[in-house]
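Since the structure comes first, as structure tokens, the remarks are kept for the end.
In the working numbering, the protein residues as written are 571 to 945.
Put into structure tokens, the structure is as follows:
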């Protein structure tokens, strides 16, 4: 009798240990988010299907303002509630043509050095006496009837605060322009994304956010090939006296977004429909780059995705790619200025956009996941 009790006791202990071991091996990794992040990005059709996430399943749990999925181990044990970020589309009109960007800067750009060196060319003024200034008109209003002010400005990415005497000669500007490749257009509402990175002012080189503006057609008139560490240039400019093709909503670290007009030449030239794939599907391997070298004809060039980075939140430099197509290498010497925003296609899906060239290896560059651009 005592022996039987001991057997039951040890069986219970061993069973508990096995159950705890299974919990440690299977449940704890999920609870700590090793395979399930806090937020997941899905296309509308993926969210509607509530696709299984092996070896777990997901169920919907929506509120008025947010959508969630609950990940369940083996379809039974709830292990994590994940916020769902739903893309605005399943398919897009894929780009690859250059567009002219005439933007309104979010801030006031200094284009000369002041005599007392308080301000330098390229500084971006953000506040005057604590008041936010987004334009030259805002700046003028903020300094009215004053002889000196305290300004906050950005210089080389660092925010500084200084006392400015208003007897200094200031040259200011609140607009900029440039050229970037169109990445995609949402066929449902003609909203577009382009460029893939923050706008750089044409005169000062300062990186600026945009608060509005317009897009125009461009003229492409030549290619300066990459030579050594000197990155080449796709020579393009906004067509003079051209009509606006659409409006700019904003520009930030992930490119320029806006809406094309229904009669836009840019929209009518963008007629290839393609499904999108979020960052979870992108993998090292063969891909293609869509871009135009003459401003009108869009071509697909072979490239390779060398590396993909796990990025739970929006970040730059999502992928490292390499151009492998000898046609593009012969024409440009590699990735050149003016190609930023060119779509990257893998497995028949739009997965990202080219953003930067690597100066030490012009055939290589960085790219951004499409789901980071889409928002």
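We put the CB at the ideal spot given by N, CA and C, even for glycine.
Integer-rounded CB distance, given that residue j should sit under 8 Å from residue i
i           : j           : result
residue 751 : residue 910 : 6 Å
residue 738 : residue 684 : 4 Å
residue 825 : residue 767 : 6 Å
residue 937 : residue 922 : 5 Å
residue 676 : residue 780 : 6 Å
residue 665 : residue 755 : 7 Å
residue 724 : residue 696 : 6 Å
residue 516 : residue 835 : Given that the chain is displayed from residue 571 to residue 945, the structure contains no residue 516 and the question cannot be resolved.
residue 863 : residue 804 : 7 Å
residue 680 : residue 689 : 5 Å
residue 849 : residue 881 : 7 Å
residue 944 : residue 765 : Incorrect: roughly 14 Å between the Cβ atoms, too far for contact.
residue 760 : residue 837 : 6 Å
residue 927 : residue 940 : Contact doesn't hold; Cβ gap of about 20 Å is too wide.
Residue range of the unbroken beta strand (DSSP E) whose run includes residue i
i           : result
residue 720 : 718-725
residue 707 : Element bounds for residue 707: not the beta strand (DSSP E) but the alpha helix (DSSP H), 706-713.
residue 856 : 855-862
residue 734 : 728-735
Cβ pair residue i, residue j closer than 9 Å
i           : j           : result
residue 946 : residue 787 : In this structure the chain extends from 571 to 945, so residue 946 is not present and cannot be described.
residue 720 : residue 736 : no
residue 608 : residue 652 : yes
residue 659 : residue 758 : yes
residue 817 : residue 749 : no
residue 796 : residue 904 : yes
residue 868 : residue 916 : no
residue 854 : residue 878 : yes
residue 865 : residue 668 : yes
residue 612 : residue 654 : yes
residue 929 : residue 799 : yes
residue 899 : residue 857 : no
residue 778 : residue 746 : yes
residue 717 : residue 731 : no
residue 678 : residue 744 : yes
residue 902 : residue 792 : no
residue 639 : residue 610 : yes
residue 561 : residue 762 : Given a span of 571 to 945 for the chain in the structure shown, any question on residue 561 remains unanswerable.
residue 885 : residue 942 : yes
residue 712 : residue 701 : yes
residue 819 : residue 782 : yes
is_contact[residue i, chain C] using C-beta, thresh 9 Å
i           : result
residue 664 : Here chain C cannot be found, since the structure has a single protein chain.
For residue i, the first and last residue of its enclosing alpha helix (DSSP H)
i           : result
residue 614 : 614-619
residue 941 : 940-943
Can you check the segment 869-938 for any alpha helix (DSSP H) of at least 4 residues that lies completely inside it and give the ranges in chain order? For the segment 869-938, whole alpha helix (DSSP H) runs of length 4 or above, ordered along the chain, are 896-902.
List in chain order: all unbroken beta strand (DSSP E) runs of 3+ residues lying wholly within the segment 742-783. 742-755 and 761-764
Segments assigned beta strand (DSSP E), at least 3 residues, entirely inside the segment 775-844: Runs found: 780-786, 788-794, 803-808, 816-822 and 825-830.
Counting Cβ pairs, one atom from each stretch, are 3 or more of them under 8 Å apart for the segment 911-921 and the segment 837-846? yes
Run through the segment 644-694 for me and flag every whole alpha helix (DSSP H) of 4 or more residues, listed as ranges in chain order. none
Would you call the segment 697-706 and the segment 873-883 in contact, with 3 or more CB pairs under 8 Å? The segment 697-706 vs the segment 873-883: no contact.
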